[in-house]
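A short worksheet on the structure shown next.
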Amino acid sequence: MPPTPPTADELRALVATQLRQYGIDISVLPPGGPGLPTSDPATGQPTQFALISSCVSLITGSVTFIAGYKVDAAYRQNVQDNPPVLYPSPFSAWTR
Amino acid sequence: MTAAPSDGYDRRHFLQRTAALSAAVTAGSVLAPAAAAGHGRAASVPFVTVEVRPEALVDPTEATIAEAATLIARRKLSIVDLVQAHIDRHAAVDGVLQAFNAFVGDQALAAAKRLRWKRPASALYGIPLCIKDNYYTRGIPTTANSLVYQDFVPAYDATCVARLIGAGGIVLGKGQMGPLATTRATTPSGVVTTRNAWTPGNPAYDPGGSSTGPACSVASRQATSSIGTQTGGSIVNPSLQQGLTGLKPTMGRTSLFGVIPLTYTRDHCGPLARDALDAAIMLCALAGPDEHDPRTRGLPAPSDYVKAAIPAGARHRPRVRYRTTLGVLPDFLTGGTATSRALRQGFLDQIASTGVKVVTIPLPDDWAELVGTQFNNVRLPERSEPFLDTLRTDVRQFGVSLSSWVQGLFLTGDTFLKGQRMKYLLLKRTLEQIFTKCDVVTQSSNQPFDIIGLPEIAFPVGFSTEQGQANGASVPVGAILGAGPYAEDRLLAVVGAYQAVTDWHLRRPPDPPAATRARIRAADAADALQLTPEDVVEQTQ
Chain F
365 MPPTPPTADE LRALVATQLR QYGIDISVLP PGGPGLPTSD PATGQPTQFA LISSCVSLIT
425 GSVTFIAGYK VDAAYRQNVQ DNPPVLYPSP FSAWTR
Chain A
-18 MTAAPSDGYD RRHFLQRTAA LSAAVTAGSV LAPAAAAGHG RAASVPFVTV EVRPEALVDP
42 TEATIAEAAT LIARRKLSIV DLVQAHIDRH AAVDGVLQAF NAFVGDQALA AAKRLRWKRP
102 ASALYGIPLC IKDNYYTRGI PTTANSLVYQ DFVPAYDATC VARLIGAGGI VLGKGQMGPL
162 ATTRATTPSG VVTTRNAWTP GNPAYDPGGS STGPACSVAS RQATSSIGTQ TGGSIVNPSL
222 QQGLTGLKPT MGRTSLFGVI PLTYTRDHCG PLARDALDAA IMLCALAGPD EHDPRTRGLP
282 APSDYVKAAI PAGARHRPRV RYRTTLGVLP DFLTGGTATS RALRQGFLDQ IASTGVKVVT
342 IPLPDDWAEL VGTQFNNVRL PERSEPFLDT LRTDVRQFGV SLSSWVQGLF LTGDTFLKGQ
402 RMKYLLLKRT LEQIFTKCDV VTQSSNQPFD IIGLPEIAFP VGFSTEQGQA NGASVPVGAI
462 LGAGPYAEDR LLAVVGAYQA VTDWHLRRPP DPPAATRARI RAADAADALQ LTPEDVVEQT
522 Q
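If you read the sequences in order, they're chains F and A.
Heads up: the first sequence runs through residues 365 to 460, numbered per my numbering.
Heads up: the second sequence runs through residues -18 to 522, numbered per my numbering.
Structure (structure tokens):
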């Protein structure tokens, strides 16, 4: 049985905690909140609430999609056909 | 007995080269690529002689690079007059258009005076250029339009800039851009600056980003040509929006040394030019290995791009330079408005008349997933990594663009690695399922070829009054073509042939009307158009 997915509040806490762990201080941004403006028009800076929301969105969107993505059922075998490559086009020339 | 073992790769050479570069960078005194290769590369930019249009004879700011070079070589135009004409043009229109972030007219004029008695050494000799503000320019502020680089004045030129100067190009100034190369050009707080040269009275109509200023400067005749960077469409999109021919070369074809990074493995340098021939001339200066950027080494040698861009055949019946098959993907004729679809169909009809064989081909397997937003986001950690110190110091320096720099910290290592694996698979699918059937292919989005570093070219195919937010104005509509690795010559040949039988690329936007200029002067800051952080996340390159 798969584990229970985290709640929105848990994900927000995860983001806030990791930012603190990195030493990144977002308390200098406007606090914001649900239903409030998402940025400070004078500076363009996002609010703390909006910034954390955008990170949660990345985790629940791209990270979750990529982690679960398989080209086909034989993915573990296929990894040997598809090496991770930072520079695909130059790689095609370097390995001619 | 066998011969002596090879001992593998020459480690000593590798270490000597990287140690020398490291020491020079640390000392802040890199012998610019100009010293290493820039001046020596001028010879690789050939002379070009073309028939000069009457408009260019009357007004030097109308001229393409090839036309200006022709006039300079025939002593019908002085370099000083050419540069002065662009300075005057800048003074007349840039208060409205805001194409430049920094303008160094006096410096450009001094450079023109130094060159004027010398024998032109290339087609770029004395050509006024706009440089996107994320290229290092020695002694000229380089801010990437961000508070992060406020007051930064590089001690040396980026390789691409050094090569253009080495070929005789003259830097007019720095092109306005989206902060750190993210969106259309805005202030760090998101207030829109640069306008589309075709809609000077309407800031809402997208000028394309993030090489907005370089595109606007060329479209509005403030510069003869320009260079930009592309991570996610930032050369081809401004070119489409402003009627230019923009070429994003294959990764490694042009050096990224001295360019402020957005996504180090996906950033590309290339020209935003008036036509395929001008793009070819610019690429001749830019292309080739650079000892300061290892990604440029060990690749196929640059081709004769100028020859490629000049069609074969008689003048009245131009033919594409190389036998070429153009693949049309299903989405090329389905998106956009009815007019834009008709214009793209018209392009296919006309390119066929130059000898290009047109075939339809299906999308490769798993295309939508492999080129979609989710896998595209694997670029974000590369945004965060070089700037982590700045994020720790004060996140406010990123202004409206902050979100994606912080988002990048939350992509996990395994998903980043899978993204790189899928890039390889995407290239394999592209080579096996597209480029076994054709030589060049239509693109409905820049994204697929940005992900895997393949070359693209954007160019105008007509005009429309139906484009969203243009309020009925007649604005350019364009198309994008892509090709296999290092086949820039093929792209230039196709577009060069197309432009020999059409005149869309010769059309220029009208001057901003006086009423617009007065309105801009009277505009209250509260009326300014401003992007929000959500807009930036959606539009970011």
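Built from N, CA and C at the ideal position, the CB exists for glycine as well.
- Please confirm if Val11 of chain A has its CB atom under 8 Å from at least one CB of chain F. In this prediction, Val11 of chain A has a pLDDT of 36, which is less than 50 and means its spatial position is unreliable; nothing more can be read from the coordinates.
- Message: Against chain F, does Gln388 of chain A count as a neighbour if the rule is that its beta carbon must be under 8 Å from one of theirs?
- Response: Answer yes: the Cβ-Cβ gap between Gln388 of chain A and chain F drops below 8 Å somewhere.
- Query: By Cβ distance, which residues of its chain are closer than 6 Å to Gly182 of chain A, with the 5 residues on each side in sequence left out?
  - Reply: Cβ within range, chain order: Thr497.
- Rank A:Val199, A:Asn177 and A:Pro169 by C-alpha distance to the C-alpha of Pro41 of chain A and give the top, closest one. Ranking A:Val199, A:Asn177 and A:Pro169 by Cα distance to Pro41 of chain A puts A:Val199 first.
- Task: Give the DSSP-derived three-state secondary structure of Asn183 of chain A in the structure shown.
- Result: In this structure, Asn183 of chain A counts as coil in the three-state DSSP scheme.
- Item | C-alpha gap between Leu324 of chain A and Val458 of chain A, whole angstroms | Counting only the Cα atoms, Val458 of chain A lies some 8 Å from Leu324 of chain A.
- For the 8 Å Cβ check, are there 3 or more pairs between the stretch 366 to 377 of chain A and the stretch 386 to 402 of chain F? Yes: the two stretches touch, three or more of their Cβ pairs being nearer than 8 Å.
- Message: Is there a C-beta anywhere in chain C that falls below 8 Å from the one on Thr459 of chain F?
- Response: Among the protein chains of the structure shown, namely F and A, there is no chain C.
- Alpha carbon to alpha carbon, how far is Val517 of chain A from Gly76 of chain A? Cα-Cα distance, rounded: 25 Å.
- Item | 8 Å contact criterion, which Ser192 of chain A and Lys113 of chain A should meet: CB distance rounded | Here Ser192 of chain A really is in contact with Lys113 of chain A; their C-beta atoms are around 5 Å apart, less than 8 Å.
- Task: Would you list the one or two residues that DSSP bridges to Thr282 of chain A?
- Result: Note on residue identity: the sequence assigns Ala, not Thr, to residue 282 of chain A. Answer by DSSP bridge pairing: none, since Ala282 of chain A is not bridged.
- Shortest alpha-carbon distance to Gln79 of chain A belongs to which of A:Pro299, A:Thr175 and A:Leu225? Closest option to Gln79 of chain A, Cα to Cα, is A:Thr175.
- Does the separation of the CB atoms of Arg376 of chain F and Val420 of chain F fall below 8 Å? Contact: yes.
- Kindly indicate which three-state DSSP category Ala89 of chain A falls into: helix, strand or coil? Judged by DSSP in its simplified three-state form, Ala89 of chain A adopts helix.
- Item | Reference Ala257 of chain A; option with closest CA among A:Asp492, A:Ala478, A:Pro491 and A:Glu515 | Selection A:Asp492, A:Ala478, A:Pro491 and A:Glu515 evaluated against Ala257 of chain A yields A:Ala478 as nearest (Cα-Cα).
- Message: Looking at chain F, is there any beta carbon in it that lies within less than 8 Å of the beta carbon of Gln364 of chain A?
- Response: Reading the sequence as shown, one finds Arg at residue 364 of chain A and not Gln. No, Arg364 of chain A does not count as interfacial toward chain F.
- Gly425 of chain F beta carbon less than 8 Å from that of Gln355 of chain A: Cβ atoms of Gln355 of chain A and Gly425 of chain F: closer than 8 Å.
- Task: Using alpha carbons as the reference points, say which of A:Arg234, A:Arg255 and A:Pro292 lies closest to Pro270 of chain A.
- Result: Closest option to Pro270 of chain A, Cα to Cα, is A:Arg234.
- Message: Is there a C-beta anywhere in chain A that falls below 8 Å from the one on Ala414 of chain F?
- Response: It does; some Cβ of chain A falls within 8 Å.
- Task: Starting from Val518 of chain A, find everything on chain F with Cβ-Cβ shorter than 8 Å and list it in chain order.
- Result: Below the 8 Å Cβ cutoff, chain F contributes Ser418 as neighbours of Val518 of chain A, in chain order.
- Message: Taking the alpha carbon of Thr306 of chain A as the reference point, which residue from A:Glu515, A:Ile342, A:Thr124 and A:Val142 has its own alpha carbon closest?
- Response: Taking only the C-alpha atoms, the option nearest Thr306 of chain A is A:Ile342.
- Positions along the stretch 347 to 372 of chain A whose CB lies within less than 9 Å of some CB in chain F: Under the 9 Å Cβ criterion, the stretch 347 to 372 of chain A contributes Asp347, Glu350, Leu351, Gly353, Thr354, Gln355, Phe356, Asn357, Asn358, Val359, Leu361, Leu369 and Leu372.
- Who are the Cβ neighbours of Pro109 of chain A in its own chain at under 7 Å, not counting the five residues just before and after it? Cβ within range, chain order: Leu63, Val64, His67, Ala89, Ile151, Leu153, Ala204 and Thr205.
- Within 10 angstroms of its Cβ, does His297 of chain A collect 16 or more other Cβ (buried), or is it exposed? Exposed.
- Message: In this structure, how does DSSP classify Ser206 of chain A when only helix, strand and coil are distinguished?
- Response: Annotated three-state conformation of Ser206 of chain A is strand, per DSSP.
- Task: Would you mind telling me which residues of chain F sit closer than 7 Å to Met232 of chain A, beta carbon to beta carbon, in chain order?
- Result: Going along chain F in sequence order, the residues near Met232 of chain A (Cβ under 7 Å) are Tyr451, Ser453 and Pro454.
- Query: Run through DSSP, which three-state label would Gln382 of chain F get?
  - Reply: Helix.
- Per DSSP, the bridge partner or partners of Gly525 of chain A: There is no way to answer for residue 525 of chain A, as the model of chain A reaches only from -18 to 522.
- Query: Would you say Lys418 of chain A reaches chain F, if we count a Cβ-Cβ gap shorter than 8 Å as a contact?
  - Reply: So, not an interface residue.
- Thr226 of chain A to Ala136 of chain A span [Cα, whole Å]: Taking the straight line joining both Cα atoms gives about 31 Å.
- Query: Nearest CA to the CA of Thr402 of chain F: which residue from A:Thr513, A:Thr521 and A:Gln522?
  - Reply: When A:Thr513, A:Thr521 and A:Gln522 are compared, the shortest CA-CA separation from Thr402 of chain F is found for A:Thr513.
- Task: Report the neighbours of Pro466 of chain A on chain F: residues whose CB is nearer than 7 Å to its CB, in chain order.
- Result: Identification of chain F residues near Pro466 of chain A by a Cβ-Cβ cut-off of 7 Å yields Ser453, Ser456 and Ala457, ordered along the chain.
- Message: Excluding the 5 residues flanking Pro369 of chain F on each side, which residues of the same chain have their C-beta closer than 6 Å to its C-beta?
- Response: There are no such residues.
- Query: Quick one: is Arg22 of chain A near chain F, going by C-beta distance under 8 Å?
  - Reply: Residue confidence is low: Arg22 of chain A scores 49 on pLDDT, short of 50, so the model does not pin down where it sits. Its coordinate-derived value is still stated next. For Arg22 of chain A, no CB of chain F lies under 8 Å from its own CB, so it is not counted at the interface with that chain.
- Query: Which residues in the same chain have their Cβ closer than 7 Å to the Cβ of Ala15 of chain A, if we skip the five residues on either side of it in sequence?
  - Reply: Because the pLDDT of Ala15 of chain A is 41, which lies under 50, any placement of that residue in the model is unreliable, and the number read from its coordinates should be weighed accordingly. Non-local beta-carbon contacts of Ala15 of chain A in its own chain, meaning distances under 7 Å to residues more than five positions away in sequence, involve Asp138, Ala143, Ile146 and Gly147 in chain order.
- Put Lys338 of chain A into one of helix, strand or coil per three-state DSSP. Three-state result, Lys338 of chain A: strand.
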